[in-house]
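Under our numbering, think of the first position of the sequence shown as 57, with each following residue one higher.
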Amino acid sequence: MELSQSITHKNGRQRKPVVSNSDISERESKLEVEDDEEALLPNSDRADGQTKASHGIKGELANVALLLFLYVLQGIPLGLAGSIPLIMQSKNVSYKDQAYFSFVFWPFSLKLFWAPLVDSLYLRKFGRRKSWLVPTQYLLGLFMLYLSVSVDAMLQTDGQRGPDVITLTAVFFMLAFLAATQDIAVDGWALTMLSRENVGYASTCNSVGQTAGYFLGNVLFLALESADFCNKYLRFEPQERGIVTLSDFLFFWGIVFMVSTTLVAVLKKENNKQHHTKKKPKEETQSVMETYELLFSIIKMPTVFTFCILLLTAKIGFSAADAVTGLKLVEAGVPKEQLALLAVPMVPLQILLPLVISKYTAGPRPLDIFYKAFPFRLLIGLEYALLVWWTPSVRQEQGFPVYYYAVVLLSYAVHQVALYSMYVACMAFHAKVSDPMIGGTYMTLLNTVTNLGGNWPSTLALWLVDPLTFKECQGAPGQTCGSVEEAGLCVRESGTCVTTLDGYYVESVVCVLIGLCWWIFFGKKMKRLQEESPSAWHCRVAK
57 MELSQSITHK NGRQRKPVVS NSDISERESK LEVEDDEEAL LPNSDRADGQ
107 TKASHGIKGE LANVALLLFL YVLQGIPLGL AGSIPLIMQS KNVSYKDQAY
157 FSFVFWPFSL KLFWAPLVDS LYLRKFGRRK SWLVPTQYLL GLFMLYLSVS
207 VDAMLQTDGQ RGPDVITLTA VFFMLAFLAA TQDIAVDGWA LTMLSRENVG
257 YASTCNSVGQ TAGYFLGNVL FLALESADFC NKYLRFEPQE RGIVTLSDFL
307 FFWGIVFMVS TTLVAVLKKE NNKQHHTKKK PKEETQSVME TYELLFSIIK
357 MPTVFTFCIL LLTAKIGFSA ADAVTGLKLV EAGVPKEQLA LLAVPMVPLQ
407 ILLPLVISKY TAGPRPLDIF YKAFPFRLLI GLEYALLVWW TPSVRQEQGF
457 PVYYYAVVLL SYAVHQVALY SMYVACMAFH AKVSDPMIGG TYMTLLNTVT
507 NLGGNWPSTL ALWLVDPLTF KECQGAPGQT CGSVEEAGLC VRESGTCVTT
557 LDGYYVESVV CVLIGLCWWI FFGKKMKRLQ EESPSAWHCR VAK
């Protein structure tokens, strides 16, 4: 159970964890980073054409604060999207419905495919990045305001009908798509908004802002929405509802998006060097079609194609643990807000792990760490299945004991060590083999494939839980529980549907076996890719 994934996803984010998502939050190199080269000139220019003297970060605190705020806004819809699966699980939706909703976490992994459009098409007078940022954030605000008056009806259940999963998926998919588009625009703007000496703060704003936004939209919301949490920790008089509702939360952030976007559109000017010089920036020389042709030429190379196939299949063995475990814990009675809060103590660990692991992946063979961590992560998947099996037996009338949450937290911490070992090793190898002539596009392609390799197995794992689960109707002879209709008929005949075989346990074992086969037959092949010469990774059409 990657908690960040189960809460999103976390993705991703699969959130990257996110947080996302997630899968943890596996963050991509941005296509625009390679293109926005005017940010790397010795001095950025002011909007009025005056050369700005370098005085450290103090002279650009306003720009850093704006970037941080924009990334926080970006994390809000991702956090909200990550909370919906847990809310739906408490309403007993099917895992097929959860699989439908998991497509919400795909846009951040697919944004490479429309990033060239965002980078190349714009209104020159309004500003290259604002041409996309402003309308995108307005649409995000409008979608949130729409959801604030309709989401309760979408999530409402009655005796015959559950939540409107298809509509929820469509609306939150659009939120994620808009957030991914906003991310492309903000990443590009960051490189021209800050001077060369301070451009490194852009990645810090990205990491801190997205994490803070996800925390607000997911962990904080789930806590304040829970009546049990609020009554236990925040109120003197118990009430039936939490301090905030999903509608209230969406309405508040919808207004924040609309007001803040208006202020940015009116008050903030872009530092666009091309307005004041006859020479166009180098980023203008590559058209949209040239970018797509370049991506195609990269993926056609034999070594890259082989590596992409391995990346797309490597995470099948982890899919049941990452995608289903958190939902199974909620189904077993673990409060969703408690699961969300367990992610908080992991933040220091998630900060320290990349720093420690990078010492071992900095050499010529970073994928050796990937190979060594692989079987341990598979074993953690089996441990997660045991954790889900054990959970009902330790449940008490007052909830779950402290030692149970300690076991969950320890399991999650061990999982993070294995996950980050593989993630950091993979990112280090991407950086090692990427053609320096087209590094941004190259790395973004590899990271996109890596994220897709986590998304599709998670969706498939959720989809297969119900078909692999077997139930029987007890107390009503002649009735079965093979479908929702049959289960309803069983209950009407005074029977009870009892699970005889949970598909999650079947998946957990099958996934580990598939992962073990992958490790034995393909793991060494991935390691051997490190022995390829640098020329095998260089694109022939690179300039």
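We put the beta carbon where it would ideally sit given N, CA and C, even for glycine.
All values derive from a computational prediction rather than experimental measurement.
Same chain only: Cβ atoms within 6 angstroms of residue i, ignoring 5 sequence neighbours per side
{"i": "residue 526", "result": "556, 557"}
{"i": "residue 195", "result": "234"}
{"i": "residue 184", "result": "178"}
{"i": "residue 393", "result": "278, 279, 282, 285"}
{"i": "residue 367", "result": "505, 506, 509"}
{"i": "residue 347", "result": "172"}
{"i": "residue 239", "result": "130"}
Beta-carbon contacts of residue i that lie in its chain and below 7 angstroms, excluding the five residues immediately before and after
{"i": "residue 364", "result": "355, 505"}
{"i": "residue 575", "result": "430, 431"}
{"i": "residue 283", "result": "295, 296, 297, 298"}
{"i": "residue 127", "result": "242, 261, 262, 265, 266, 269"}
{"i": "residue 554", "result": "527, 528, 530"}
{"i": "residue 210", "result": "219, 220, 223, 224"}
{"i": "residue 438", "result": "564, 568"}
{"i": "residue 550", "result": "531, 532"}
Residues of its chain near residue i, where Cβ-Cβ distance is below 8 angstroms and the 5 sequence neighbours each way are ignored
{"i": "residue 580", "result": "427"}
{"i": "residue 319", "result": "none"}
{"i": "residue 351", "result": "168, 497, 501"}
{"i": "residue 484", "result": "414, 417, 418, 422"}
{"i": "residue 534", "result": "none"}
Where the alpha helix (DSSP H) containing residue i begins and where it ends
{"i": "residue 392", "result": "392-397"}
{"i": "residue 405", "result": "402-417"}
{"i": "residue 364", "result": "358-369"}
{"i": "residue 179", "result": "Careful: residue 179 lies outside any alpha helix (DSSP H) and carries neither H nor E."}
{"i": "residue 267", "result": "257-270"}
{"i": "residue 384", "result": "375-387"}
{"i": "residue 201", "result": "186-211"}
{"i": "residue 523", "result": "Unbroken run through residue 523: none, as it is neither H nor E."}
{"i": "residue 353", "result": "344-355"}
{"i": "residue 273", "result": "Element bounds for residue 273: n/a, residue is neither H nor E."}
{"i": "residue 533", "result": "Segment: none, residue 533 is in no alpha helix (DSSP H) and carries neither H nor E."}
{"i": "residue 433", "result": "423-450"}
{"i": "residue 307", "result": "302-323"}
{"i": "residue 482", "result": "458-489"}
{"i": "residue 154", "result": "151-158"}
{"i": "residue 140", "result": "117-145"}
{"i": "residue 246", "result": "221-249"}
{"i": "residue 579", "result": "579-584"}
{"i": "residue 287", "result": "283-289"}
{"i": "residue 163", "result": "163-166"}
Extent of the continuous beta strand (DSSP E) run through residue i
{"i": "residue 527", "result": "526-530"}
{"i": "residue 553", "result": "552-557"}
Burial state of residue i (16 or more Cβ within 10 Å)
{"i": "residue 260", "result": "exposed"}
{"i": "residue 208", "result": "exposed"}
{"i": "residue 289", "result": "exposed"}
{"i": "residue 118", "result": "exposed"}
{"i": "residue 79", "result": "Low local confidence applies: a pLDDT of 37 at residue 79 is under 50, so the model's placement there is unreliable, and no value is given."}
{"i": "residue 509", "result": "buried"}
{"i": "residue 258", "result": "buried"}
{"i": "residue 249", "result": "buried"}
{"i": "residue 145", "result": "buried"}
{"i": "residue 151", "result": "buried"}
{"i": "residue 167", "result": "buried"}
{"i": "residue 98", "result": "Note that residue 98 scores 37 on pLDDT, short of 50, meaning its location in the model is unreliable; the coordinates nonetheless yield the value given after this. Exposed."}
{"i": "residue 361", "result": "exposed"}
{"i": "residue 202", "result": "exposed"}
{"i": "residue 371", "result": "buried"}
{"i": "residue 563", "result": "buried"}
{"i": "residue 213", "result": "exposed"}
Whole-angstrom C-beta distance between residue j and residue i, which should lie under 8 angstroms
{"i": "residue 434", "j": "residue 572", "result": "6 angstroms"}
{"i": "residue 388", "j": "residue 444", "result": "7 angstroms"}
{"i": "residue 175", "j": "residue 115", "result": "Their Cβ separation, rounded to whole angstroms, is 28 angstroms, which puts residue 175 and residue 115 out of contact at 8 angstroms."}
{"i": "residue 221", "j": "residue 153", "result": "4 angstroms"}
{"i": "residue 373", "j": "residue 537", "result": "Between residue 537 and residue 373 the Cβ distance is about 30 angstroms, and since that is not below 8 angstroms, they are no contact."}
{"i": "residue 559", "j": "residue 524", "result": "3 angstroms"}
{"i": "residue 301", "j": "residue 190", "result": "Going by Cβ atoms, the distance from residue 301 to residue 190 rounds to 29 angstroms, so no, they are not a contact pair."}
{"i": "residue 324", "j": "residue 122", "result": "7 angstroms"}
{"i": "residue 309", "j": "residue 143", "result": "Incorrect: roughly 17 angstroms between the Cβ atoms, too far for contact."}
{"i": "residue 468", "j": "residue 402", "result": "6 angstroms"}
Inspect the CB distances between the stretch 364-380 and the stretch 508-517 and report whether three or more fall short of 8 angstroms. Of all C-beta pairs linking the stretch 364-380 to the stretch 508-517, three or more are shorter than 8 angstroms, placing the two stretches in contact.
Three-pair Cβ contact test at 8 angstroms for the stretch 294-303 versus the stretch 158-175: The stretch 294-303 vs the stretch 158-175: no contact.
Looking at C-beta atoms only, is the number of pairs between the stretch 483-492 and the stretch 406-425 that lie closer than 8 angstroms three or more? The stretch 483-492, when compared against the stretch 406-425, does touch it at the 8 angstroms Cβ threshold.
Three Cβ pairs or more, each shorter than 8 angstroms: is that satisfied between the stretch 400-407 and the stretch 539-548? As far as the Cβ criterion goes, the stretch 400-407 does not touch the stretch 539-548, which means the pair count is below three.
Examine the Cβ distances between the stretch 442-461 and the stretch 585-595 and report whether three or more of them are shorter than 8 angstroms. As far as the Cβ criterion goes, the stretch 442-461 does not touch the stretch 585-595, which means the pair count is below three.
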